[in-house]
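S.K.: Just dropping this structure here.
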Ligand SMILES: *[C@@H]1O[C@H](CO)[C@@H](O)[C@H](O)[C@H]1NC(C)=O
Ligand SMILES: *[C@@H]1O[C@H](CO)[C@@H](O)[C@H](O)[C@H]1NC(C)=O
Ligand SMILES: *[C@@H]1O[C@H](CO)[C@@H](O)[C@H](O)[C@H]1NC(C)=O
Ligand SMILES: *[C@@H]1O[C@H](CO)[C@@H](O)[C@H](O)[C@H]1NC(C)=O
Ligand SMILES: *[C@@H]1O[C@H](CO)[C@@H](O)[C@H](O)[C@H]1NC(C)=O
Ligand SMILES: *[C@@H]1O[C@H](CO)[C@@H](O)[C@H](O)[C@H]1NC(C)=O
Ligand SMILES: *[C@@H]1O[C@H](CO)[C@@H](O)[C@H](O)[C@H]1NC(C)=O
Ligand SMILES: *[C@@H]1O[C@H](CO)[C@@H](O)[C@H](O)[C@H]1NC(C)=O
Ligand SMILES: *[C@@H]1O[C@H](CO)[C@@H](O)[C@H](O)[C@H]1NC(C)=O
């Protein structure tokens, strides 16, 4: 065993030397070839030569069969290693692995275009942290028209795995929240844009697991034009140390034009949406999600932009815990004079546990910030069909009196196939609790009243 590992490290350093002649390796970086390439495998030593290699879910090499690329860590929060990181990703692309080691910090101070990826693993056991140079990032970023979003970096390509065992991607959000304090993201006059912590664009097959996504300046994740994205075992939080500037718009999960979005075994502790797919998201699967202090698990908002058709369809959301939030399970669509249209179809919320939440179950067709008069004059044109709320239990905060579910469909749209079953949500404001249903076609499965008869 000893002589074998000697042979391995000898081969690896030889490979390193020959590579460095052609293409200099940044100070402190290294490339280690996998066992199976750098030396004879145990199987062939034992004479079992044609042992079939294990593959990952996408048919690519597993971790131990990958070339491993490491870079130096940052010395402090200003020590930008983004050039080294980009070098490492290019070196590891097409079958390799970038490893950011445990106990080390890697600071990113320059925007990164990572849209050229094909079969790459990025293992984050340490901390990857963005600088908080607001002036730099507001001039240098990737911009998306949708809700005027910007980001530090863009991940795109095919077969990308980003994973760790408690590794951190830190958005260093405090300075951003302080700077933004008092502003509103959907205000047309807002020009203080804040970066999204993790964004994919034009990606197919991307898996993010075992990471802590911390203190994003704005949305935590945004998936754009992406197919098959999986998040598993993720922890998201955004915590301010300044009582006069709380984290804002730090949504857990947002998406646009995505087919195949899975989130499992994840906890989100932020003051905005926990999980909220946006226009044109299909085939959604969420299981074992815990959300604290959030605006809930929402389908939408959609229907924001004039003349544009948006949709969300085929979502299954199971075993969700929602604590101390504004909303629990929600569907939201825009109304007003200059908005779009579309539909939300085939959505199932099952086994939902809600505590101390203002509006546990909501169908809101008067988004965003528009009053009753305007909403009635310019109703939403987003149809909402085939939505199940099954086994939803817990408590409201009592903020909306005894109302624990508010399903009010726009007169400009069709809402049908809305089904509630096993609903047991109590309100501290009194009992029996109330379920509001207005303009919903057909029987919703439980007793309900009109908004005009309800507490407010
Ligand atoms: C999307 O990525 C593929 C490669 O994965 C590339 O061929 C294509 O040009 C990209 N499309 C756009 C619009 O960038
Ligand atoms: C806290 O946030 C407020 C509002 O943005 C800001 O004026 C103040 O300087 C911040 N305090 C600290 C200690 O940064
Ligand atoms: C439901 O999710 C919670 C995490 O919020 C988890 O602890 C629990 O094991 C899950 N229950 C089932 C039946 O999977
Ligand atoms: C939940 O969020 C509240 C603030 O909304 C916070 O005080 C509490 O510590 C959080 N609970 C957990 C378990 O993180
Ligand atoms: C959603 O898809 C439709 C095509 O079905 C497209 O016209 C629309 O622009 C898309 N919406 C957004 C916000 O990209
Ligand atoms: C509804 O969505 C589920 C996934 O949650 C999917 O399996 C089913 O095929 C969809 N039904 C229709 C009619 O598309
Ligand atoms: C909404 O439903 C109405 C009536 O069923 C239908 O005419 C309209 O085409 C639907 N709109 C969309 C965007 O599906
Ligand atoms: C509702 O909002 C519109 C547009 O902002 C405004 O003109 C109108 O005065 C408001 N009506 C009420 C009753 O607040
Ligand atoms: C509703 O939940 C409460 C506790 O939250 C429980 O005491 C009650 O038995 C439940 N009712 C039904 C019909 O399950």
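In mature numbering (1 follows the signal peptide of the UniProt record, and there is no 0), the protein residues as written are -19 to -1, 1 to 437.
Yeah, the Cβ is synthetic: ideal placement off N, Cα and C, and Gly gets one too.
Predicted, not measured: the structure shown is a model, and the values here were computed from it.
1) As a quick exercise: from 178, 115, 304 and 135, pick the residue whose alpha carbon is nearest that of residue 161.
2) Mind listing, in chain order, the continuous alpha helix (DSSP H) runs of no fewer than 4 residues lying wholly within the segment 299 to 380?
3) Three Cβ pairs or more, each shorter than 8 Å: is that satisfied between the segment 172 to 179 and the segment 67 to 87?
4) If you follow the beta strand (DSSP E) that residue 134 is part of, which residue opens it and which one closes it?
5) Listed by chain order, which residues have C-beta atoms less than 5 Å from any heavy atom of ligand 8?
6) Whose C-beta lies closer than 6 Å to the C-beta of residue 308 among residues of the same chain, with five residues either side of it excluded?
7) If we count the other Cβ atoms within 10 Å of its Cβ and call it buried at 16 or more, is residue 43 buried or exposed?
8) From what residue to what residue does the beta strand (DSSP E) around residue 415 run?
9) To the nearest angstrom, how far is it from the Cα of residue 106 to the Cα of residue 263?
10) Can you tell me whether residue 432 is helix, strand or coil according to DSSP?
11) Just the residues with CB closer than 5 Å to a heavy atom of ligand 2, in chain order, which are they?
12) Judging by CA-CA distance, which residue of 230, 381 and 347 is the nearest neighbour of residue 284?
13) Less than 7 Å between the beta carbons of residue 245 and residue 207, yes or no?
14) Less than 7 Å between the beta carbons of residue 76 and residue 100, yes or no?
15) Under 7 Å from any heavy atom of ligand 4, by CB: list those residues in chain order, please.
16) Specify, as a first and last residue, the run of the alpha helix (DSSP H) that residue 159 falls within.
17) Does ligand 6 have even one heavy atom less than 6 Å from the beta-carbon of residue 405?
18) Assuming residue 204 and residue 239 make a contact with CB atoms under 8 Å, what is their CB distance in whole Å?
19) Name, in chain order, the residues that DSSP records as bridge partners for residue 216.
20) Taking just the CA atoms, how far does residue 399 sit from residue 338?
21) At what residues does the beta strand (DSSP E) containing residue 123 begin and finish?
22) Does DSSP put residue 117 in a helix, a strand or coil?
M.R.: With the structure as the only source:
1) Counting from one through the chain shown, the residue named residue 161 turns up at place 180. It is 115 whose Cα lies nearest to the Cα of residue 161.
2) 353 to 358
3) no
4) Taking the chain shown and counting its residues from 1, one reaches residue 134 at position 153. Taken as a continuous stretch (DSSP letters only), the beta strand (DSSP E) holding residue 134 covers 134 to 151.
5) 352, 354 and 355
6) By 1-based counting over the chain shown, the position of residue 308 is 327. So the list reads 276, 277, 340 and 343, once near-sequence residues are dropped.
7) Along the chain shown, read from residue 1 onward, the residue named residue 43 stands at position 62. With fewer than 16 other Cβ atoms within 10 Å, it is exposed.
8) Position 434 of the chain shown, counted from the first residue, corresponds to residue 415. Its beta strand (DSSP E) spans residues 415 to 419.
9) Translated into the one-based positions of the chain shown, residue 106 becomes position 125. Translated into the one-based positions of the chain shown, residue 263 becomes position 282. Taking the straight line joining both Cα atoms gives about 32 Å.
10) Here residue 432 refers to the residue found at position 451 of the chain shown. Residue 432 falls in the helix class under three-state DSSP.
11) 159, 162, 223, 225 and 226
12) The count along the chain shown starts at 1 and reaches residue 284 at position 303. Closest by alpha carbon: 347.
13) Taking the chain shown and counting its residues from 1, the one referred to as residue 245 is at position 264. Taking the chain shown and counting its residues from 1, the one referred to as residue 207 is at position 226. Going by C-beta atoms, residue 245 is not nearer than 7 Å to residue 207.
14) In the chain shown, residue 76 corresponds to position 95, counting from 1. In the chain shown, residue 100 corresponds to position 119, counting from 1. Result yes, Cβ atoms of residue 76 and residue 100 sit closer than 7 Å.
15) 250, 273, 274, 304 and 305
16) Position 178 of the chain shown holds residue 159. Looking at the DSSP string, the run of the alpha helix (DSSP H) that includes residue 159 is 155 to 161.
17) On the chain shown, residue 405 is found 424 positions in, with the first residue counted as 1. Not so, every heavy atom of ligand 6 lies at least 6 Å from the Cβ.
18) The count along the chain shown starts at 1 and reaches residue 204 at position 223. The count along the chain shown starts at 1 and reaches residue 239 at position 258. About 5 Å; that satisfies the 8 Å criterion.
19) By one-based count along the chain shown, residue 216 stands at place 235. Residue 216 is bridged to 193 and 248.
20) As a working note, residue 338 is residue 357 in the chain shown. As a working note, residue 399 is residue 418 in the chain shown. Approximately 22 Å between the Cα atoms of the pair.
21) Your numbering for residue 123 matches position 142 in the chain shown. Element bounds for residue 123: 123 to 125.
22) Position 136 of the chain shown holds residue 117. Three-state result, residue 117: helix.
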